[in-house]
Structures are given as C-alpha cells and as structure tokens.
Amino acid sequence: MYRGVLERYGHWLDLPAYTQVVTLLEGNTPLIPMPRLGREVGCELFVKFEGVNPTGSFKDRGMTAAISEAAGRGVQTVICASTGNTAASAAAYAARAGMRAIVLIPEGKVAVGKLAGALAYGAEVIQVQGSFDAALSLVVEITQKTPITLVNSINPYRIEGQKTAAFEICDTLGRAPDWLCLPVGNAGNITSYWAGFRQYQKGQPRLLGVQAEGAAPLVYGHPIEHPETIATAIRIGKPARGEQALAAIQESQGKLLAVSDEAILQAQRLLASEGLWVEPASAAGFAGLLAESQRPDFPMRGKTVVVVCTGHGLKDPAIIAEHFASPRCIPAEYDALVEAVLRP
Ligand code: AN7
670 MYRGVLERYG HWLDLPAYTQ VVTLLEGNTP LIPMPRLGRE VGCELFVKFE
720 GVNPTGSFKD RGMTAAISEA AGRGVQTVIC ASTGNTAASA AAYAARAGMR
770 AIVLIPEGKV AVGKLAGALA YGAEVIQVQG SFDAALSLVV EITQKTPITL
820 VNSINPYRIE GQKTAAFEIC DTLGRAPDWL CLPVGNAGNI TSYWAGFRQY
870 QKGQPRLLGV QAEGAAPLVY GHPIEHPETI ATAIRIGKPA RGEQALAAIQ
920 ESQGKLLAVS DEAILQAQRL LASEGLWVEP ASAAGFAGLL AESQRPDFPM
970 RGKTVVVVCT GHGLKDPAII AEHFASPRCI PAEYDALVEA VLRP
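Using my numbering, read the sequence shown as starting at 670 and increasing by one per residue.
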C-alpha cells in the first residue's frame, strides 16, 4: 500500500528524528505523456500533474513534511501567508494533525476553489488589505515573536518535502529529463526541484522558470510593489527564495522568462485540448515552453521535457467563465437540438 511521500522517500529527506508523520497520501502523481502537444512543439513532452494531490496542488508534498515536523514538536498552531494553494494545504494537514491553522490571504485575489478549501478544512482565514508579500512579512513577524509555527516555504521542511517530486520524475523516467519547465512565484518549488535532482544523482535537467509579466521580479531584477496577473497563484512581487531560484537556473544552464497573461490562458487552453485542465499559474511553465519553441535556436527540440503543472483547474473555475466560451442555451425541443448540433 502507498503511504505518502515521507514513507516513500523519508530516508532522502533532512527531517528531525522526532518527526511524527502526518499524511494524506500525497505525491505519487502521474507523469502524463502529451504526444500531440509534444509533436507540435517538437519534443518528447510529459506533464507532472500535481493537481491530483489531496488538496489539488503540489503544496501537499512540502506540507506533509512541515506539519509532521511541527507535530513531532507538539506545535499547536501553524500560520502561513498564501495566494491560496498553501492555505488550502496547510488547512488540510493541520486539520489532520489536530492543530489550529491561521492563513493570511491577499484580499479579493485568491481563486474561489482555494479559499473554499481553506474554509472547508476549518482554517481561520484572514484577508489582508495588501499583497501576498505584505501578508508574508506579517506572518514572519508573528512567528518570530510567538510560538506559532510558520509553514510557508521559508520553513526548510517544506523544501525537503517538495524535493520528492524530482525523485518521482527520476524514478518514472529512469533518469532526470533534459528540461524541466515550471512556474515561479515565491520560488520554493524550483528551489526544491533543483535540490532534489542534485541529491538523487540521476542526472540534472536544465530549468526553465516562468513568471507572469506583471509579477516577474526575478526576470526584471527588482521587487514588484504591485504585482498583477490573472495567474493569482504567482501574483508575488518579492519571492522569499528568489536568490536560490536564480542560482538554480544558472547552475542548471537554464533560463528564466516572463510570459503575458494572454500566453498563460492560451497555454491553459492547449493543455486542456489534450485532456489536462490546470489552473492558470500551472500553465505558465507550458507557456514558457511555447514561447521558447518559437525561437530559431529552440534548445528543447527532440529533448525529453517535463512541464510541471502545479495545481488543478478546478481551483479557479471563475477564469473559465471569464475567458472561455460560455454554453449556449436552447429550448427543450428536438428541432432546436438538431439546429445547435448541425450549426455549432
Ligand atoms: C499553482 O499558495 O505561493 O514558486 O501561497 O499555487 O514555490 O511559490 C503558491 C504558489 C505555482 C509557485 N503554481 O510556486 C501560495 C503560493 C501554483 C501555485 C506556484 C504556486 P512557488
């Protein structure tokens, strides 16, 4: 029986001996071949689909580690700032551990499926009149001054747990891919993947880190005071692990780029056209790959490429209503149906 990422890969992770495993059987996510899109862009393409984790995003890998460490210390209350997915994940794992979870989110800027998740799992949700970055400073301060434990990816155990995605990819492919494309927000995930691939010694991919144009502090080289993008998950102006992300990209001989919201939506549509519905931020990695594929010196041609899709499309259904075709409506009459079917 599968018992979650800590049981499976715990011996690779730097976790204290007192750790008490709190799991929802996260991880073990599929590496899905994308033959049609792969043929179109000219590489052997796979999606690591993290949307099928228990709370619908990759955050569960790091959260099982952070909450398990906290449980072993007898922690009673955890806190995080979040653009939504961390909040839902912290809420679920805290619930599982019998802890109190407090989550700070930027007011009005969190996708409905994430806010609903955090509330459903019983977290205390506090909206902050400011960005994710402002909320993160607040939770850092309160965890320095009180016994409340921080479960953002500044917490080193989050990084340990998230390395397991790199291990899984290597185990499935038999080696690391040539390229790994993924969205970059607070930069914990890219930091974890790089650490994971280096440690596992099955080869090292080149990393393509992708930010949204309106929230691309690492691409532009300075913090963004008012980040803005439809990909609210990565609406982050001052990434906590920005330095490490830049180092990872450089060491891997990879690349960092920014893509427009339009390009993100287009990438989301294309992934869905081959059967994968992911949330907008999750499509950013593929949007980056598409942008690269337009270049004459496209470095991924003929290579094995893994695109990390970090969260499920169900997290952000409102985007579909706003940006995709809406269903037509007909009277309940056979003739009307025939008309609609024959003239779509
Ligand atoms: C779907 O939940 O920061 O670069 O507070 O939800 O590791 O931050 C989410 C980030 C990519 C970026 N894709 O990962 C949060 C939060 C999705 C995400 C990212 C996030 P990092």
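Ideal placement from N, C-alpha and C gives every residue a C-beta, glycine not left out.
query                                                                                                             : result
Unbroken stretches of the beta strand (DSSP E), 3 residues or longer, contained in the region 837–866             : 848–852
CA-to-CA distance, E1008 to P723, given in whole angstroms                                                        : 42 Å
Beta carbon of A902 nearer than 8 Å to that of I933                                                               : no
Endpoints, beta strand (DSSP E) assigned at K717                                                                  : 713–718
Same chain, Cβ closer than 7 Å to G872, neighbours up to 5 away in sequence not counted                           : R844, A845
Beta strand (DSSP E) runs contained entirely in the region 728–796, provided each spans 3 or more residues        : 746–750, 769–775
Sheet register partners of T818 (DSSP bridge)                                                                     : V747
Straight-line Cα distance separating A1001 from E837                                                              : 50 Å
Nonlocal neighbours in the same chain, by C-beta distance under 8 Å from L807, ignoring five residues either side : A750, L773, V797
S670 classed as buried or exposed, judged by whether at least 16 other C-beta atoms fall within 10 angstroms      : A quick correction: the sequence has Met, not Ser, at residue 670. So M670 ends up on the exposed side.
DSSP three-state assignment for Q919, whether helix, strand or coil                                               : helix
Cα-Cα separation, E961 to A950                                                                                    : 18 Å
Pick from A804, P699, R970 that is closest to G711, judged by C-alpha positions                                   : R970
Beta-carbon proximity list for A787, same chain, < 7 Å, skipping 5 on both sides                                  : A756, A757, A760, V772, V794
Contacting residues, own chain, Cβ-Cβ under 6 Å from F715 (five flanking each side not counted)                   : L700, P702, V975
Residues that DSSP places opposite V710 in a beta bridge                                                          : DSSP, once it has assigned bridges, lists no residue as partnering V710.
With 16 other Cβ atoms within 10 Å as the buried cut-off, status of Y826                                          : buried
For N754 and A987, the rounded distance between their alpha carbons                                               : 16 Å
Which listed residue (A792, R677, G777, N855) has its alpha carbon closest to that of R769                        : A792
Among W946, G911, I999, nearest to Y889 - alpha-carbon criterion                                                  : G911
Residues near V1010 in its chain [Cβ-Cβ closer than 6 Å; skip 5 each side]                                        : none
Collapsed DSSP secondary structure at R827 in the structure displayed                                             : helix
R875: first and last residue of the uninterrupted beta strand (DSSP E) it sits in                                 : 875–881
Rounded C-alpha distance that separates A994 from G878                                                            : 30 Å
Pair within 8 Å by beta-carbon distance, G982 and G673                                                            : no
C-alpha distance - A763 paired with C839, whole-angstrom precision                                                : 30 Å
Own chain partners of L899 with C-beta closer than 6 Å, once the 5 adjacent residues on each side are dropped     : As written in the sequence, residue 899 is Ile, which differs from the Leu given in the question. The answer, listed in chain order, is D930, P949.
D802 vs G906 beta-carbon contact at 8 Å                                                                           : yes
Contact test: I905 Cβ vs the ligand AN7 heavy atom, cutoff 7 Å                                                    : yes
Residues that V1010 bridges to, as DSSP identifies them                                                           : Paired residues: none, contrary to the question.
When Y790, L675, L805 are compared against P775, the one with the closest alpha-carbon                            : L805
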